[in-house]
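Single-structure report; data block below.
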Amino acid sequence: MLSQGPVPLIFEMGAPGRRAFSLPGGDVPEAVLPAGLRRETPPRLPEVSEGELVRHFTTLSNLNFGVDTGFYPLGSCTMKYNPKVFEVVARLPGLSGLHPYLPEELAQGALRIIHELERYLAEIAGLARVTMQPAAGAHGELVGVLLIRAYHESRGNPRQKILIPDSAHGTNPATAAMAGYEVVTLPSDARGGIDVGALEKAMDDTVAGLMLTNPNTLGLFDENIDVITGLVHGKGGLLYYDGANANAVMGYSRPGDMGFDVVHFNLHKTFATPHGGGGPGAGPVAVTAELAPYLPVPLVDFDGESYRLNYDLPRSIGRVRSFYGNFGVLVKAYAYIRSMGAAGLKQAAGDAVLNANYVMRHLQEYFDLPFDRACKHEFVLSGKRQKEKNGVRTLDMAKRLMDYGFHPPTVYFPLIVEEAMMIEPTETESKETLDRFIGACAAVANEARDEPEKVHGAPHTTPFGRMDETRAARQPDLRWR
Amino acid sequence: MYPENLRYTGEHEWIRVEGGSGVVGITHFAQDALGDVVYVELPETGRVVKAGEAFGAVESVKSVSDLYSPVGGTVTGVNAELAGRPELVNQDPYGEGWMIVIELADPGEADGLLSARAYQELLKEG
């Protein structure tokens, strides 16, 4: 199944003694380490020339697929195109070269960026204050739930449970468990929202709060959101908003107005930081005025003349990250929000929703659509039909899409949809790209019916065909030798 | 695919009661929906579980799912073979792919679970 053949490991290339650099001879006497500190055999490092080195990594980068090379409809990840100008801004020497221990009076510009970004995110969330420290979404979740715990503890009882719907991201129950809570799963109703009856039954004074993504992982806005927040608040619980899907609603609706007390944003999804390569991200957490005293320190305050780091929060949950968070990501988000403006952010959300509905309505002819109602920024199809009639699974169709030049959608999530395919086009794709993607999905659905073996064997055009994911998980081989 | 001599739960576990003990595993439907199982997390023997309580987890290439005890009781045996050969859950879910043995706190409790027919009805309703 090799069309180009495997790329050798860099350890398998080159020849003994070959180097990718040449240093001038030393002009000071060589110091010799004591024998006890020296290793007996030299380490096995790659021995290649500079040209070999450059070709090797350029070859690997050419095999990579990213937003810069093609459409990446990975549901729940908001893989939109992020303009390069924001990278340029984050690398301005005055920002990237700043030392975190500079005195406040020499870092006023950086502090102003953090402070003003806080004001913008507070406005988008409809809440009072925001910590910039969390380094990613799940980190923000943990901080948020620890804030909920601190709030309840200050009232004498941390409570025992957190409620989470069965459509949630896996990080939500993991977060609640890490914060010491028992997780209670709430079922979804036939419309894809929270089963309000089940919530009513589960909600009592042992429940610290409810974690909700709205729109949820089905891409559906919960129609009962006011009833839900009312029920939780009615028993003294708090509401956590997972902002993973903020790209769908920013400028249109605010979690604070829906009744949420704590919100995290994924700046790396919604606000102009490329991701998918492992970071860095940023997961700022916004809270109500009532929860603000518990925020991590420091906050950046402005007294009308200058910006300063405020460590004076006696009830703070403490530090959650070194210094002030992933500052470069904050700079990109600040520049993005400033250049888009309020109207621009609103249009981004609107276009993301329009694109998702456009693709959904064209694809529902070819696949099952378990929740048939207008979606927000993403939607979930099911490959049930293909599995039952043709023995072709969603995994097979996802692999086949690679042959058409597209990154596969998220598959087998959310867990409540059988053979799920979760598609998020984002606002940055043109109609032509969306039409090509629709055409490819339709072609794969037809192949699943007429030539299932072609889909079973996919992908056919990548350097390697179908990887043995099962063996990779059962017998992971983590060393090159 | 759904033996008559077993009892089933809506969470896709089965139990085979023999005397005061029951052998527990996951159903054919569950292993098929999960896909290739790559890891099974099982409890220590001696653990006391309530009906409906999570006693472990099963991890496939797609996802991780909790395993729920069909009945209340004490875990008296676990299938150590699954540590090295998780594929047994896919290959033989009602035989070599069994997971735990529970000594039932109430020997009659399993009678309240689903019959093979009722479980298949549930799957059809989907």
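Those protein sequence lines, which keep their order, are chains A and B. In short: position in the first sequence from 1, add 7, done, that's this note's numbering. In short: position in the second sequence from 1, add 1164, done, that's this note's numbering. All C-beta atoms, glycine included, are put in the ideal place defined by N, C-alpha and C.
Closer than 8 Å to chain B by CB, glutamate 148 of chain A: Here residue 148 of chain A refers to the residue found at position 141 of the first sequence. For glutamate 148 of chain A, no Cβ of chain B is located within less than 8 Å of the residue's own Cβ.
Pairwise C-alpha distance: histidine 159 of chain A and alanine 215 of chain A: The residue you call residue 215 of chain A lines up with position 208 of the first sequence. The residue you call residue 159 of chain A lines up with position 152 of the first sequence. Computed Cα separation, rounded: 7 Å.
Methionine 218 of chain A versus leucine 149 of chain A - alpha carbon distance: Counting from 1 along the first sequence, the entry for residue 218 of chain A is found at position 211. Counting from 1 along the first sequence, the entry for residue 149 of chain A is found at position 142. If you take the alpha carbons of methionine 218 of chain A and leucine 149 of chain A, they lie about 11 Å apart.
Coarse secondary structure for glycine 1189 of chain B, derived from DSSP in three states: On the second sequence, residue 1189 of chain B is found 25 positions in, with the first residue counted as 1. Glycine 1189 of chain B sits in a strand when the DSSP states are folded into three classes.
C-beta contact flag for valine 338 of chain A and valine 96 of chain A at 8 Å: For the purposes of this step, residue 338 of chain A is taken as residue 331 along the first sequence, with counting starting at 1. For the purposes of this step, residue 96 of chain A is taken as residue 89 along the first sequence, with counting starting at 1. Yes. Within cutoff.
Min CB distance aspartate 1200 of chain B to chain A below 8 Å: For this step, residue 1200 of chain B is matched to residue 36 along the second sequence. With 8 Å as the cut-off, aspartate 1200 of chain B counts as an interface residue toward chain A.
Rounded C-alpha distance that separates methionine 347 of chain A from alanine 340 of chain A: For the purposes of this step, residue 347 of chain A is taken as the residue at position 340 of the first sequence. For the purposes of this step, residue 340 of chain A is taken as the residue at position 333 of the first sequence. When rounded, the distance between both Cα atoms is 10 Å.
Chain-ordered neighbours of arginine 166 of chain A on chain B, where CB pairs are closer than 8 Å: By 1-based counting over the first sequence, the position of residue 166 of chain A is 159. Chain B residues near arginine 166 of chain A: none, gap ~20 Å exceeds 8 Å.
Range covered by the alpha helix (DSSP H) that runs through glutamate 460 of chain A: Within the first sequence, residue 460 of chain A is the residue found at index 453, counting from 1. Counting along the chain, the alpha helix (DSSP H) containing glutamate 460 of chain A begins and ends at 459-463.
Chain-ordered chain B contacts of arginine 481 of chain A [CB-CB under 7 Å]: The residue labelled residue 481 of chain A in the question sits at position 474 within the first sequence. Those are Val1202, Pro1250, listed as they occur along chain B.
Within 8 Å of chain B by C-beta, residues of the stretch 366-386 of chain A in sequence order: Cβ contacts with chain B: none found.
Residue of A:Thr138, A:Glu130, A:Leu134 minimising C-alpha distance to isoleucine 324 of chain A: Here residue 324 of chain A corresponds to residue number 317 of the first sequence, with the count starting at 1. Nearest to isoleucine 324 of chain A by C-alpha distance, out of A:Thr138, A:Glu130, A:Leu134, is A:Thr138.
Members of the stretch 1219-1233 of chain B that neighbour chain A once the beta carbon cut-off is set at 7 Å: Of all residues in the stretch 1219-1233 of chain B, Val1225, Lys1226, Ser1227 have a Cβ within less than 7 Å of some Cβ in chain A.
Length of the line joining the Cα atoms of isoleucine 1190 of chain B and valine 1253 of chain B: What you label residue 1190 of chain B is simply residue 26 of the second sequence in a count that begins at 1. What you label residue 1253 of chain B is simply residue 89 of the second sequence in a count that begins at 1. Taking the straight line from one Cα to the other gives about 8 Å.
Sufficient close CB pairs (3 or more, under 8 Å) joining the stretch 1190-1209 of chain B to the stretch 1250-1267 of chain B: The answer is yes - the stretch 1250-1267 of chain B touches the stretch 1190-1209 of chain B, with three or more Cβ pairs under 8 Å.
Straight-line gap, glycine 82 of chain A to asparagine 221 of chain A (C-alpha atoms, nearest Å): In the first sequence, counting from the first residue as 1, residue 82 of chain A sits at position 75. In the first sequence, counting from the first residue as 1, residue 221 of chain A sits at position 214. Note on geometry: alpha-carbon atoms of glycine 82 of chain A and asparagine 221 of chain A lie some 15 Å from one another.
First and last residue of the uninterrupted alpha helix (DSSP H) at leucine 1287 of chain B: Taking the second sequence and counting its residues from 1, one reaches residue 1287 of chain B at position 123. It spans 1280-1289 - the alpha helix (DSSP H) in which leucine 1287 of chain B sits, taken as one unbroken run.
3 or more residues per run - each beta strand (DSSP E) lying fully within the stretch 192-275 of chain A: As far as the stretch 192-275 of chain A is concerned, its whole beta strand (DSSP E) runs of at least 3 residues are 214-219, 245-250, 269-272.
Endpoints, alpha helix (DSSP H) assigned at valine 360 of chain A: Along the first sequence, read from residue 1 onward, the residue named residue 360 of chain A stands at position 353. Per DSSP, the continuous alpha helix (DSSP H) segment holding valine 360 of chain A begins and ends at 334-370.
Exposure of glutamine 371 of chain A, with buried meaning 16 or more beta-carbon neighbours within 10 Å: Stepping through the first sequence from its first residue, residue 371 of chain A is reached at position 364. Exposed.
Residue span of the beta strand (DSSP E) that contains alanine 1218 of chain B, given as start and end: One-based indexing of the second sequence puts residue 1218 of chain B at position 54. Counting along the chain, the beta strand (DSSP E) containing alanine 1218 of chain B begins and ends at 1218-1224.
Closer than 8 Å at the beta carbon, the chain D residues around glutamate 395 of chain A: No chain D is part of this structure, whose protein chains are labelled A and B.
Sequence-distant residues of its chain with Cβ nearer than 8 Å to serine 10 of chain A (five each side left out): On the first sequence, position 3 is the one that residue 10 of chain A refers to. No answer about serine 10 of chain A holds up, because its pLDDT of 44 lies below 50 and its placement is not dependable.
CB contact below 8 Å: valine 1187 of chain B versus chain A: Indexing the second sequence from 1 puts residue 1187 of chain B at position 23. It does not: the Cβ of valine 1187 of chain B has no partner Cβ on chain A nearer than 8 Å.
For threonine 417 of chain A, three-class secondary structure by DSSP: Your numbering for residue 417 of chain A matches position 410 in the first sequence. In this structure, threonine 417 of chain A counts as strand in the three-state DSSP scheme.
Nearest to lysine 168 of chain A (by Cα), restricted to the options A:Glu125, A:Pro23, A:Val360, A:Ala186: Within the first sequence, residue 168 of chain A is the residue found at index 161, counting from 1. The shortest Cα separation from lysine 168 of chain A among A:Glu125, A:Pro23, A:Val360, A:Ala186 belongs to A:Ala186.
DSSP state of glycine 1241 of chain B mapped onto helix, strand, coil: Indexing the second sequence from 1 puts residue 1241 of chain B at position 77. Three-state DSSP puts glycine 1241 of chain B in a strand.
Listed by chain order, chain B residues near leucine 225 of chain A by CB distance under 7 Å: Residue mapping note: residue 225 of chain A aligns to position 218 of the first sequence, counting from 1. Those do not exist, as leucine 225 of chain A stays about 16 Å from chain B at its closest Cβ, beyond 7 Å.
Top-ranked residue by Cα proximity to tyrosine 314 of chain A, from A:Tyr419, A:Glu112, A:Gly144, A:Tyr108: By 1-based counting over the first sequence, the position of residue 314 of chain A is 307. Selected option, being the one with the closest Cα: A:Glu112.
Segments of 4+ residues assigned as alpha helix (DSSP H) that fall wholly inside the stretch 76-162 of chain A: Correct list: 92-97, 100-103, 115-132, 144-161.
Assigned secondary structure, proline 13 of chain A (DSSP; H/G/I helix, E/B strand, else coil): Taking the first residue of the first sequence as position 1, residue 13 of chain A is located at position 6. For proline 13 of chain A, the three-state secondary structure derived from DSSP is coil.
Segment limits, beta strand (DSSP E) that includes valine 307 of chain A: Locating residue 307 of chain A in the first sequence gives position 300, counting from the first residue. Valine 307 of chain A: member of the beta strand (DSSP E) spanning 306-309, first to last residue.
Cβ-Cβ distance between leucine 1231 of chain B and glutamate 1177 of chain B below 8 Å: In the second sequence, counting from the first residue as 1, residue 1231 of chain B sits at position 67. In the second sequence, counting from the first residue as 1, residue 1177 of chain B sits at position 13. Yes. Within cutoff.
Cβ pair count under 8 Å reaching 3, the stretch 432-441 of chain A against the stretch 1236-1254 of chain B: The stretch 432-441 of chain A, when compared against the stretch 1236-1254 of chain B, does not touch it at the 8 Å Cβ threshold.
Within 7 Å of chain B by C-beta, residues of the stretch 461-478 of chain A in sequence order: Residues of the stretch 461-478 of chain A that bring their beta carbon within less than 7 Å of a beta carbon in chain B comprise Glu476, Thr477, in sequence order.
Where arginine 486 of chain A sits in the DSSP three-state scheme: Stepping through the first sequence from its first residue, residue 486 of chain A is reached at position 479. Arginine 486 of chain A falls in the coil class under three-state DSSP.
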